[in-house]
Amino acid sequence: MIHLLTAYKLFADTDPLFYIGAIVPDAVATREEKDITHFRTIQNRENELINLAKSSKKSFDEGILLHLYLDWLWDERTFCTYAETHKEENWFYSYRREIALASAFIYHNERWSEDVWQKMLSCPKDTYGTTPGVSDGEVAEFLNRNYIWHKDNNIGPSVVYPPEFVEEFTNNATEKFMVWRSSIN
4 MIHLLTAYKL FADTDPLFYI GAIVPDAVAT REEKDITHFR TIQNRENELI
54 NLAKSSKKSF DEGILLHLYL DWLWDERTFC TYAETHKEEN WFYSYRREIA
104 LASAFIYHNE RWSEDVWQKM LSCPKDTYGT TPGVSDGEVA EFLNRNYIWH
154 KDNNIGPSVV YPPEFVEEFT NNATEKFMVW RSSIN
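Here our numbering = 1-based position in the sequence shown + 3.
This is how it looks when you write it as structure tokens:
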């Protein structure tokens, strides 16, 4: 939902394919695959993002670009801080739990979220763009699964990522993305 919140701040009334693109990179099955599709295994992540930006032609692709850019910003500071300060054995599980709390809180407290989800869910599978490592059917399943989870889990907010933190992060990310994106031909 942090990705959707950022996407909504950028373009509130846009093609639902942009919103789908903004969350679909997380549809890959494993953390290891996600590291590859999110360019975490590449030495110069920004160069890969720039190359992707130059080839982005559709709203779906632009949503994917936003997702990957947002994760790049998040990974550089927010994720690293969490990883450095939480040394317990299952720290990644507790990290994902905090993200889930923040996401559920956004879903249940942002007036636009239900409408955006309904628009995404109503998009035919054959209109999706290409998602590395994921079929259109898997994208549809991912959307349905995440919608149901958010709808059924009125939990949160996160103590680690409270609404004020998420608001500040997404506002800053929106500004940075617009400046960064406009600098690429």
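Every residue, glycine too, gets a C-beta built ideally from N, C-alpha and C.
This structure is a prediction, so every number in the text was calculated from the model and none was measured.
The residues 68, 184, 187, in chain order, have a CB closer than 7 Å to that of residue 56 in the same chain once the five nearest residues on each side in sequence are set aside. In this structure the stretch 90 to 99 does not lie against the stretch 11 to 27, because fewer than three pairs of beta carbons, one per stretch, are closer than 8 Å. Taken atom to atom, the span from the alpha-carbon of residue 149 to that of residue 11 is near 17 Å. When the Cα atoms are used, residue 124 and residue 108 turn out to be separated by approximately 20 Å.
A Cβ-Cβ contact shorter than 9 Å links residue 169 with residue 105. Checking the DSSP bridge columns, you'll see residue 133 has no partner listed. The beta carbon of residue 177 sits closer than 7 Å to those of 9, 12, 13, all from its chain and outside the five residues before and after it, given in chain order.
The three-state reading of DSSP puts residue 164 in coil, since its state is none of H, G, I, E or B. Secondary structure note for residue 95: its alpha helix (DSSP H) is the uninterrupted segment 94 to 112.
Shown here, residue 28 sits in a helix according to DSSP, grouped into three states. Cβ atoms of residue 20 and residue 132 come within 8 Å of each other, at about 7 Å.
With a beta-carbon spacing of about 6 Å, residue 136 and residue 36 fall inside the 8 Å limit used to define contacts.
For residue 152, the enclosing alpha helix (DSSP H) begins and ends at 139 to 155.
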